[in-house]
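Peer 1: These protein sequences, in sequence, are chains B and P. Using my numbering, you'd call the opening residue of the first sequence number 2 and step up by one each time. Using my numbering, you'd call the opening residue of the second sequence number 1196 and step up by one each time. For every residue, glycine included, the Cβ atom is placed at its ideal position computed from N, Cα and C.
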Amino acid sequence: MTTQMAPESMYRSTEGLGVWPHRGKVAAVGIGHSPTARRWDGRAETSVGAQSIMACRQAIADAGVDPGQVDGIVLVPVTTTGAHWDADTPVPMDVVNAFNPTDNPLDGIGQLSAEWLLKNMPELTNVKFTMYAPGCMSAAITVAAQAVGDGLASTCLVLKGWHNLEGRYNHGGISAASEVPGSFALSPGRTLWGAPGCYGTALQFAQYCTKYGKHHDMMAPFMENSRRNGLLFPEGYWAQHRPEQLPPEDYLSSRWIAKPANLFDNDIPIMASAAYLFTTAEKAQDMAQKPVYILGHASSRGTPRSITPTLEEVEAETDSTGRKIYEAAGITPDDLSFENMYDGFAQFHQFHIEGLRYRGMQRGDALDFYQTDISIEGPNPILPSGGNIGSGRSRFWMHTDCIQQIQGRAGARAVTGVKPEIAVSGGPMPLGGNFTVWSATPN
Amino acid sequence: MVKQGVVPDDFNKPFFDAANEGRLVVQSCNDRLYFPPRPASEICGEGESVVWKEMSGRGTIYNYCVVYDCPVASLKEDLPFNLAVIMLDEDPGILMYSHLPGTAPDEVPVGAAVRVIFEETANGQKVPEWVLVE
């Protein structure tokens, strides 16, 4: 079976498409998570392949379906957090041969193909549809929702795995070279001028502060709230390995990376895999968990005009994304019980939620909103998952949280100030992301 | 600060050649400016209408960050340093990076006028940099 990258036609990236035709006809039921780790320790049983198998098996079991019922898989083949296998480092063949390998020895270690997964999950005897999504779980969810809605699969695994290797990524290779190509010197992102990864977002945040008269210290309540929520997420990195709150004094005294972004404004790269089981609304009725219906999905495909996105471009694009999200789902901002928009860099989050007009927010309001009660106990929860800031760089906590909250399975993290009925999650970038609206009912 | 040496690609060579001559040029097609440089066929049509247009070398500081943790090895000894984005006077949608030589870290006047200079990188190739207009 050849697995293709999802065509652009599966995404809803323009305004004016109307309500998603499959609104309420696709549901998430099962959830599976691997343990987290800061980096790979070199063992077969902790490889991204092994962790992904574990997550898939958990999602299947959680949904209460027989593995033979699974007829579709959507996964992200790229698993890097930014670290790539060093070409001079031998591939550990004991790890490769601990599984049923494919032609690429890095499969299951530094990438993940559908072929590898199927070879190593022999219980999946009925898979007829496989498709790749780019980047992160947000894209895979979009593709899987569309695939189930379109009838390409009826019981579909959605998988994202991450590997993280030793070392600081982006600090070797071309960054250490004495000469670089002209295209690198002038390209967006990494350049001759030495921009760290968070630079573009920090620049937008700097302009945001200039434009609206805000300052970095105003992020502290958001950061404290995110870590608190993350520590209530037993699947998360900080909860599993470093159960430390992030009080304002710790956040504000952290070292700068690209001022006004400090160390904690950057999410910590980790290894982890997660899987969901999607199915039709009809089939979901017979499964073990409460269905969480997908009301719609929307995507951003905005690109910056020049070397880096400006605040003005970010605001225009997230405004458009907000309109697409509501249009697809057939809801208004007032219908949202809570939001789980992307945060890894922390300074993304206010762009997303202002674009949503969450709780009536207008441009420039978010940091003032952070000074109010944004806890899971209050009427205006912000990022109850804790996001990447609260649980490490996976880009899937916000989706898991939406499903768990609506299913009533969020445990100590459950929102109590609102009834969890409709939520939105997605990301990553303000220019370039995929977003999903989840609901307790199909209507 | 000495930046990594630059080896121009075919499609951006006119930009770097102009920099060596002390001129700032960007691509233009049908009176719209484009930067960073890209193959002409990616800009408009078959690329036959793309020309390199000389800029005045005047701009404004959009905003900036102070970099304290930099991935580029050769710049680490210069940390912390300013990294600003400059908007060209001809079109504020066209942006260029600058370390703002001569401006102390975190003492950047956002919105101030700047002018281009051309700075040698490690291999002698020049690149545009920007300094405050006195």
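Would you mind working out which of N381/B, A415/B and I354/B sits nearest F436/B, comparing C-alpha positions?
Peer 2: Here residue 436/B corresponds to residue number 435 of the first sequence, with the count starting at 1. That would be I354/B, whose Cα lies nearest to the Cα of F436/B.
Peer 1: I'd like to know whether the C-beta of D172/B is nearer than 7 Å to at least one C-beta of chain P.
Peer 2: Taking the first sequence and counting its residues from 1, one reaches residue 172/B at position 171. The amino acid occupying residue 172/B in the given sequence is His; Asp does not appear at that position. Cβ-Cβ to chain P under 7 Å: yes for H172/B.
Peer 1: Per DSSP, what kind of secondary structure is Y451/B in: helix, strand or coil?
Peer 2: This structure cannot settle anything about residue 451/B, because the visible part of chain B is limited to 2 through 444.
Peer 1: Use the C-beta contact count for K215/B: other C-beta atoms within 10 angstroms, 16 or more gives buried, fewer gives exposed.
Peer 2: As a first step, residue 215/B must be located in the first sequence, where it is residue number 214. Buried.
Peer 1: Using the beta-carbon of each residue, which ones in chain B are nearer than 8 Å to V1261/P?
Peer 2: Taking the second sequence and counting its residues from 1, one reaches residue 1261/P at position 66. The contacting residues are W257, A259 and K260.
Peer 1: Beta carbons nearer than 9 Å to chain P: which residues of the stretch 155-189 of chain B have them?
Peer 2: R169, Y170, N171, H172, G173, I175, S176, A177, A178, S179, E180, V181, P182, G183, S184, F185, A186, L187, S188 and P189
Peer 1: Could you name the residues that DSSP lists as bridge partners for M6/B?
Peer 2: Taking the first residue of the first sequence as position 1, residue 6/B is located at position 5. DSSP lists Y133/B as partners of M6/B.
Peer 1: Which residues in chain P have a C-beta closer than 7 Å to the C-beta of A60/B? List them in chain order.
Peer 2: Here residue 60/B corresponds to residue number 59 of the first sequence, with the count starting at 1. By Cβ distance, chain P contributes nothing, its closest Cβ being about 36 Å from A60/B, past 7 Å.
Peer 1: Would A1308/P pass as an interface residue toward chain B - the criterion being a Cβ-Cβ separation below 7 Å?
Peer 2: Translated into positions along the second sequence, residue 1308/P becomes position 113. It does not: the Cβ of A1308/P has no partner Cβ on chain B nearer than 7 Å.
Peer 1: Report yes if the C-beta distance between S338/B and A411/B is below 7 Å; otherwise report no.
Peer 2: Here residue 338/B refers to the residue found at position 337 of the first sequence. Here residue 411/B refers to the residue found at position 410 of the first sequence. No; because the gap between Cβ atoms is not below 7 Å, this pair is not in contact.
Peer 1: Which residues of chain P have a Cβ atom closer than 9 Å to the Cβ of L368/B, listed in chain order?
Peer 2: For the purposes of this step, residue 368/B is identified with residue 367 of the first sequence, where counting begins at 1. Those within 9 Å of L368/B in chain P number zero; the least Cβ separation is about 17 Å.
Peer 1: Let me know if N127/B comes out buried or exposed under the rule of 16 or more other beta-carbons within 10 Å of its beta-carbon.
Peer 2: If you number the first sequence from 1, residue 127/B lands on position 126. With fewer than 16 Cβ atoms within 10 Å of its Cβ, N127/B is classed as exposed.
Peer 1: Excluding sequence positions up to five away, which residues of its chain have a Cβ less than 8 Å from the Cβ of Q52/B?
Peer 2: Counting from 1 along the first sequence, the entry for residue 52/B is found at position 51. S35, P36, G162, M272, A273 and S274.
Peer 1: Checking contacts by CB at 7 Å: is Q208/B closer than that to chain P?
Peer 2: Mapped onto the first sequence, residue 208/B falls at position 207. Output row for Q208/B: interface = yes.
Peer 1: By the 8 Å beta-carbon criterion, what residues does the stretch 1286-1300 of chain P contribute toward chain B?
Peer 2: G1288, I1289, L1290, M1291, Y1292, S1293 and H1294
Peer 1: Per DSSP, what are the beta-bridge partners of G427/B in this structure?
Peer 2: As a first step, residue 427/B must be located in the first sequence, where it is residue number 426. G427/B is bridged to M342/B and F436/B.
Peer 1: Going by alpha carbons, who is nearest to F206/B out of P429/B, Q351/B and I54/B?
Peer 2: Counting from one through the first sequence, the residue named residue 206/B turns up at place 205. F206/B has its Cα closest to that of Q351/B, out of P429/B, Q351/B and I54/B.
Peer 1: Shorter than 6 Å, the distance from the beta carbon of Y170/B to the closest heavy atom of the ligand PLP, or not?
Peer 2: Absence of the ligand PLP from the depicted structure is noted, as is the absence of any ligand whatsoever, leaving it without description.
Peer 1: I want to verify the contact list: residues of chain P whose CB lies under 9 Å from the CB of G433/B, in sequence order.
Peer 2: Walking along the first sequence from the start, residue 433/B turns up at place 432. Those do not exist, as G433/B stays about 18 Å from chain P at its closest Cβ, beyond 9 Å.
Peer 1: Please confirm if the stretch 51-70 of chain B is in contact with the stretch 237-245 of chain B, defined as three or more CB-CB distances below 8 Å between the two stretches.
Peer 2: no
Peer 1: Cβ atoms of A259/B and A203/B: under 7 Å apart, would you say?
Peer 2: For the purposes of this step, residue 203/B is taken as the residue at position 202 of the first sequence. For the purposes of this step, residue 259/B is taken as the residue at position 258 of the first sequence. Yes; because the gap between Cβ atoms is below 7 Å, this pair is in contact.
Peer 1: Can you name the start and end residues of the beta strand (DSSP E) that R228/B belongs to?
Peer 2: Taking the first residue of the first sequence as 1, we reach residue 228/B at position 227. R228/B -> not in any beta strand (DSSP E); alpha helix (DSSP H) instead, spanning A221 to L232.
Peer 1: Between the alpha carbons of E1315/P and A330/B, how many angstroms are there, rounded?
Peer 2: To locate residue 1315/P, count along the second sequence from 1; it is residue 120. To locate residue 330/B, count along the first sequence from 1; it is residue 329. Whole-angstrom Cα-Cα distance: 54 Å.
Peer 1: Which of the three DSSP states, helix, strand or coil, is assigned to K1321/P?
Peer 2: By 1-based counting over the second sequence, the position of residue 1321/P is 126. DSSP places K1321/P in strand when its eight states are reduced to three.
Peer 1: Tell me whether K129/B is buried or exposed, calling it buried when 16 or more other Cβ atoms sit within 10 Å of its Cβ.
Peer 2: Along the first sequence, read from residue 1 onward, the residue named residue 129/B stands at position 128. It is exposed - the Cβ of K129/B has fewer than 16 other Cβ atoms within 10 Å.
Peer 1: Determine, using beta carbons only, whether I308/B comes closer than 7 Å to chain P.
Peer 2: To locate residue 308/B, count along the first sequence from 1; it is residue 307. Cβ-Cβ to chain P under 7 Å: yes for I308/B.
Peer 1: What runs of the alpha helix (DSSP H), each 4 residues or longer, lie entirely inside the stretch 393-422 of chain B?
Peer 2: Correct list: 398-408.
Peer 1: Cα-Cα, which of T82/B, D95/B and I326/B is closest to L18/B?
Peer 2: Taking the first sequence and counting its residues from 1, one reaches residue 18/B at position 17. Nearest option by C-alpha distance: I326/B.
Peer 1: Which residues, taken in chain order from the stretch 74-86 of chain B, show a beta carbon closer than 7 Å to some beta carbon of chain P?
Peer 2: none
Peer 1: Give the interface partners of P222/B over in chain P, defined as CB-CB distance under 9 Å, in chain order.
Peer 2: The residue given as residue 222/B occupies position 221 in the first sequence. In chain order: nothing, as chain P lies at least about 23 Å away.
Peer 1: According to DSSP, what are the bridge partners of Q112/B?
Peer 2: To locate residue 112/B, count along the first sequence from 1; it is residue 111. Residue pairing by DSSP places Q112/B opposite D108/B in a beta bridge.
Peer 1: Below 8 Å, how does it come out for the stretch 175-194 of chain B and the stretch 1237-1245 of chain P: are there three or more Cβ pairs, yes or no?
Peer 2: no
Peer 1: For C1265/P and chain B, any beta-carbon pair shorter than 7 Å?
Peer 2: Along the second sequence, one-based indexing puts residue 1265/P at 70. It does; some Cβ of chain B falls within 7 Å.
Peer 1: Kindly say whether P8/B, judged by its beta-carbon, lies nearer than 7 Å to any beta-carbon of chain A.
Peer 2: The chain labelled as chain A is not found among the protein chains of the depicted structure, namely B and P.
Peer 1: Pairs of beta-carbons, one from the stretch 1212-1226 of chain P and one from the stretch 1261-1276 of chain P, closer than 8 Å: are there three or more?
Peer 2: no
Peer 1: Quick check: what's the CA-CA separation for A1308/P versus M362/B?
Peer 2: Counting from 1 along the second sequence, the entry for residue 1308/P is found at position 113. Counting from 1 along the first sequence, the entry for residue 362/B is found at position 361. Taking C-alpha positions only, A1308/P is separated from M362/B by approximately 34 Å.
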